[in-house]
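So the sequence lines, in the order shown, correspond to chains A and B.
Under our numbering, read the first sequence as residues 1375 to 1486, first letter to last.
Under our numbering, read the second sequence as residues 17 to 129, first letter to last.
The C-beta atom is built at its ideal place from N, Cα and C for all residues, glycine as well.
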Amino acid sequence: DTAVSQTPKYLVTQMGNDKSIKCEQNLGHDTMYWYKQDSKKFLKIMFSYNNKELIINETVPNRFSPKSPDKAHLNLHINSLELGDSAVYFCASSQDRASGYTFGSGTRLTVV
Amino acid sequence: GDSVTQMEGPVTLSEEAFLTINCTYTATGYPSLFWYVQYPGEGLQLLLKATKADDKGSNKGFEATYRKETTSFHLEKGSVQVSDSAVYFCALSENTGGFKTIFGAGTRLFVKA
């Protein structure tokens, strides 16, 4: 029943490792997003895909690479993790500009 | 570029008090405006929205009116409950391709019994 699901919910890893976060939506939405929320709750967009095509690519280190195998999935791969990557990462989807987003429950990434 | 400014928190109220969280925006064109709520340990949930000037969005006793002349979208509730304790985000969706949504910094609300 979950509309936007992310896995894993928690991720603790060492500096220098590579990790992936997966996101799936069953709403039939065409557009999916990755947002980063820092410790002060500030939300910043990272990427957006519309029907598997990258349409938003904000200023993000190229260690971060999104992949969308189909319009229901948007995964985030992070290479060479750094301490500053520790944050909560949210996946979201939307159908159009006026509808708003549906968010996943977030992945809390802790780099030690 | 487009931006959203909302009042800093935390806001602490007693149960049944009146709530206002101020939000103003800067945008070219005519954005859609939103309020989202984030409960501890959860993702953001859409609370209400308005897509054009003078529209009023409402949900669960919360309401906000799209004021183009003052570029504002203030959130109000007549009588808050302890269960309303959360972080509230004002947001706008740009009137361009990609449906990018820009969020305010969030306002934490504590409601005391």
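For residue 84 of chain B, there are no neighbours in chain A by C-beta distance under 9 Å, as the nearest C-beta there is about 16 Å away. In the three-state reduction of the DSSP assignment, residue 1444 of chain A falls in the strand class, which pools E and B. Between the alpha carbons of residue 1463 of chain A and residue 1410 of chain A lies a gap of roughly 5 Å. Assigned with DSSP and collapsed to three states, residue 73 of chain B falls in strand.
Residue 1453 of chain A is bridged by DSSP to nothing; it lacks a bridge partner. Between residue 1460 of chain A and residue 1383 of chain A, the C-beta spacing is not below 8 Å. Secondary-structure assignment with DSSP links residue 79 of chain B through a beta bridge to B:74 and B:92.
Annotated as proximal: residue 102 of chain B and residue 54 of chain B, with beta-carbon spacing under 8 Å. Under the DSSP assignment, residue 52 of chain B falls in the beta strand (DSSP E) whose first and last residues are 48-54. The Cβ-Cβ distance between residue 19 of chain B and residue 1471 of chain A does not fall below 8 Å. For residue 1479 of chain A, the three-state secondary structure derived from DSSP is coil. The beta carbons of residue 1392 of chain A and residue 1430 of chain A sit no closer together than 8 Å. When C-beta atoms of the stretch 30-47 of chain B are compared with those of the stretch 1414-1426 of chain A, fewer than three pairs fall below 8 Å, so the two segments do not count as touching. At a C-beta separation below 8 Å, residue 121 of chain B has these neighbours in chain A: 1414, 1415 and 1416. Counting the other Cβ atoms within 10 Å of the Cβ of residue 1388 of chain A gives fewer than 16, which makes it exposed.
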